[in-house]
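**Q**
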Amino acid sequence: MASIARPALLRQVCNAAPTRRMASTFAGSSLKHPSPLTRRPMQSAFATPGASRVAAFHASGRRPILPPLPQVVDGDVNKPAPIPEPSASHGSYHWTFERLISAGLIPLTIAPFAAGSLNPLMDASLCALIIVHSHIGFQSNIIDYFPEKRIPLIRKGSFWLLRIGTVLLGISMYSFETNDVGITEAIKRIWHA
Amino acid sequence: MSAPRALNLALRRIASPAGLTKFSPAGRLMQQRFAATTTISEKEAVNSILAKQRLNRPVSPHLTIYKPQMTWLMSGLTRITGLIVATSFYVYGLSYLAAPTLGWHLETPSLVAAVAAWPVVVKVTAKLAIAVPFFYHSFNGVRHLVWDFGKGMTNQAVVRGGWVVIALTAASSLWATFLA
Numbered sequence: 001m002a003s004i005a006r007p008a009l010l011r012q013v014c015n016a017a018p019t020r021r022m023a024s025t026f027a028g029s030s031l032k033h034p035s036p037l038t039r040r041p042m043q044s045a046f047a048t049p050g051a052s053r054v055a056a057f058h059a060s061g062r063r064p065i066l067p068p069l070p071q072v073v074d075g076d077v078n079k080p081a082p083i084p085e086p087s088a089s090h091g092s093y094h095w096t097f098e099r100l101i102s103a104g105l106i107p108l109t110i111a112p113f114a115a116g117s118l119n120p121l122m123d124a125s126l127c128a129l130i131i132v133h134s135h136i137g138f139q140s141n142i143i144d145y146f147p148e149k150r151i152p153l154i155r156k157g158s159f160w161l162l163r164i165g166t167v168l169l170g171i172s173m174y175s176f177e178t179n180d181v182g183i184t185e186a187i188k189r190i191w192h193a
Numbered sequence: 001m002s003a004p005r006a007l008n009l010a011l012r013r014i015a016s017p018a019g020l021t022k023f024s025p026a027g028r029l030m031q032q033r034f035a036a037t038t039t040i041s042e043k044e045a046v047n048s049i050l051a052k053q054r055l056n057r058p059v060s061p062h063l064t065i066y067k068p069q070m071t072w073l074m075s076g077l078t079r080i081t082g083l084i085v086a087t088s089f090y091v092y093g094l095s096y097l098a099a100p101t102l103g104w105h106l107e108t109p110s111l112v113a114a115v116a117a118w119p120v121v122v123k124v125t126a127k128l129a130i131a132v133p134f135f136y137h138s139f140n141g142v143r144h145l146v147w148d149f150g151k152g153m154t155n156q157a158v159v160r161g162g163w164v165v166i167a168l169t170a171a172s173s174l175w176a177t178f179l180a
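Protein chains in written order, with the UniProt record's numbering: chain C, 1 to 193; chain A, 1 to 180.
1. Just confirm the distance between the C-beta atoms of Tyr96(A) and Phe176(C), as a whole number of angstroms; I'd bet it's less than 8 Å.
2. Please classify Phe149(A): does DSSP put it in a helix, a strand, or coil?
3. Quick one: complete alpha helix (DSSP H) runs, 4+ long, within the segment 39-98 of chain A?
4. Compare the C-alpha of residue 186(A) against each of Leu73(A), Arg79(A) and Leu55(A) and name the closest.
5. Is Val142(A) closer than 8 Å to Ile110(C) when the C-beta atoms are compared?
6. Using the beta-carbon count (16 or more within 10 Å), is Tyr66(A) buried or exposed?
7. In the DSSP assignment, the alpha helix (DSSP H) including Ser110(A) goes from what residue to what residue?
8. When you compare the CB positions of Pro119(A) and Thr81(A), do they come within less than 8 Å of one another, or not?
9. Got a sec, what are the start and stop residues for the alpha helix (DSSP H) Asn179(C) sits in?
10. Considering just the uninterrupted stretch of the alpha helix (DSSP H) at Phe113(C), what are its terminal residues?
11. Since Lys43(A) meets chain C, which of its residues come closer than 8 Å, beta carbon to beta carbon?
12. Kindly give me the distance between the Cβ atoms of Gly104(C) and Leu129(C), rounded to whole angstroms, as I take these residues to be in contact under 8 Å.
13. At a CB-CB cut-off below 7 Å, which residues of chain A make contact with Phe138(C)?
14. Nearest-angstrom Cα distance between Ala115(C) and Met122(C)?
15. Should Gly76(A) be labelled buried (16 or more other beta-carbon atoms within 10 Å of its own) or exposed?
16. Going by DSSP in three states, Pro119(A) sits in which element: helix, strand or coil?
17. Let me confirm a value: Ala180(A) is counted as buried when at least 16 other C-beta atoms fall within 10 Å, else exposed. Which label applies?
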């Protein structure tokens with residue numbers, strides 16, 4: 001009687017009853033709401049939290065590979081997107097610098113394959129370019145996967161870790177180039193060991 | 001209007017002080033709400049609704065929903081192989097710096113002696129594990145540099161170039177592992 005008189009209740013019966021029972025992992029959860037009529041009348045379909053409700057919107061299964069971080073409201077709904085500060089060292093100059101480093105690596109990489117190994121100066125140049133190239137690569141990954149807005153502290157920490165690592169690597173490679181046989185000769189010897 | 005309702009209205013009009021002197025239409029009384037309401041500021045209301053919506057927002061589906069295509073797979077692999085090579089380089093370099101303090105021997109003659117003692121299977125596996133990412137990243141890096149000049153941006157050219165890079169990577173890695 002009640003469901004015919006109140007279509008809202010009828011809709012709740014259709015919506016909630018099967019998904020609740022089928023998607024719930026708890027055996028006793030259907031006993032929690034023995035009848036839809038005992039549920040709070042104002043509980044609409046969209047206000048119900050939980051996986052069963054979200055799953056109903058998707059055709060494919062949920063894959064929580066990267067679960068969302070705690071959500072915060074920053075500013076207002078009408079807060080405009082921030083305009084980045086103009087900087088001469090970012091953007092196209094920076095981009096060109098990265099490409100020059102990459103392009104400079106090409107002859108220095110081919111040369112040892114042709115000549116067997118490199119003289120100390122060329123070897124040191126190759127090593128320095130590889131360090132800068134790797135640094136840029138790690139930097140791009142931090143920028144892409146640790147967004148400022150979501151995880152600013154992890155991003156900042158990663159940047160500092162990378163800077164420290166790169167400086168230490170530079171010291172290490174200086175030592176390697178001066179005390180040891182050089183990077184190309186070392187790879188060659190180990191490769192033919 | 002039903003009889004009990006009309007009686008109720010009439011009684012109320014009599015009971016209220018202004019009931020007899022001032023005429024109040026029945027419609028106004030019918031509109032009265034006997035429910036408690038709370039007031040919140042507009043900003044608060046807007047933001048709380050937004051926060052609730054965000055909590056219910058589904059996470060966007062991951063890469064697995066896309067059809068595996070040469071364009072995005074090879075681009076992603078460039079980054080992954082670059083990370084493999086660069087991370088190995090960093091790990092070796094920092095270990096080399098720490099070696100004297102920790103008593104390790106990572107200088108070239110020690111490494112050569114260590115690698116020489118490995119069985120052939122381990123040697124081949126290690127060489128392949130280094131050669132494949134290195135050659136793939138190098139060849140596909142050149143391909144990316146060509147794109148940076150705006151060349152070969154059609155779908156056909158991208159697919160063809162992709163197969164060329166895969167072939168070059170396979171050939172170079174096999175050469176470096178077994179022949180060099």
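Virtual Cβ for every residue (Gly too), placed ideally from N, Cα, C.
**A** Result, derived from the coordinates:
1. Within the second sequence, the letter at position 96 stands for residue 96(A). Within the first sequence, the letter at position 176 stands for residue 176(C). Right, their Cβ atoms sit about 6 Å apart.
2. By one-based count along the second sequence, residue 149(A) stands at place 149. Three-state DSSP puts Phe149(A) in coil, outside helix and strand.
3. 42-56
4. Residue numbering for chain A in the displayed model covers 1 to 180; residue 186(A) lies beyond these limits and cannot be assessed.
5. Reading the first sequence from its first residue, position 110 is the one you call residue 110(C). Reading the second sequence from its first residue, position 142 is the one you call residue 142(A). Their beta carbons are not under 8 Å apart, which means Ile110(C) does not touch Val142(A) by this criterion.
6. Looking up residue 66(A) in the second sequence gives position 66. Exposed: under 16 other Cβ atoms inside 10 Å.
7. Sequence index remark: in the second sequence, residue 110(A) carries index 110 (1-based). From DSSP, the alpha helix (DSSP H) with Ser110(A) extends over Thr108 to Ala116.
8. Numbered from 1 along the second sequence, position 119 holds the residue referred to as residue 119(A). Numbered from 1 along the second sequence, position 81 holds the residue referred to as residue 81(A). Not in contact: Pro119(A) and Thr81(A) (Cβ atoms no closer than 8 Å).
9. Translated into positions along the first sequence, residue 179(C) becomes position 179. It spans Pro152 to Asn179 - the alpha helix (DSSP H) in which Asn179(C) sits, taken as one unbroken run.
10. Indexing the first sequence from 1 puts residue 113(C) at position 113. First-last of the alpha helix (DSSP H) with Phe113(C): Ser92 to Ala115.
11. On the second sequence, position 43 is the one that residue 43(A) refers to. Within 8 Å Cβ-Cβ: Asp76.
12. As a first step, residue 104(C) must be located in the first sequence, where it is residue number 104. As a first step, residue 129(C) must be located in the first sequence, where it is residue number 129. That belief holds up - the Cβ atoms of Gly104(C) and Leu129(C) are roughly 6 Å apart, short of 8 Å.
13. The sequence position of residue 138(C) within the first sequence is 138, counting from 1. Ordered by position in chain A, the residues that pass the 7 Å Cβ test against Phe138(C) are Ala86.
14. Here the question's residue 115(C) lines up with position 115 in the first sequence. Here the question's residue 122(C) lines up with position 122 in the first sequence. For Ala115(C) and Met122(C), the distance between alpha carbons rounds to 12 Å.
15. Reading the second sequence from its first residue, position 76 is the one you call residue 76(A). So Gly76(A) counts as exposed.
16. Translated into the one-based positions of the second sequence, residue 119(A) becomes position 119. DSSP places Pro119(A) in coil when its eight states are reduced to three.
17. On the second sequence, residue 180(A) is found 180 positions in, with the first residue counted as 1. Result: exposed.
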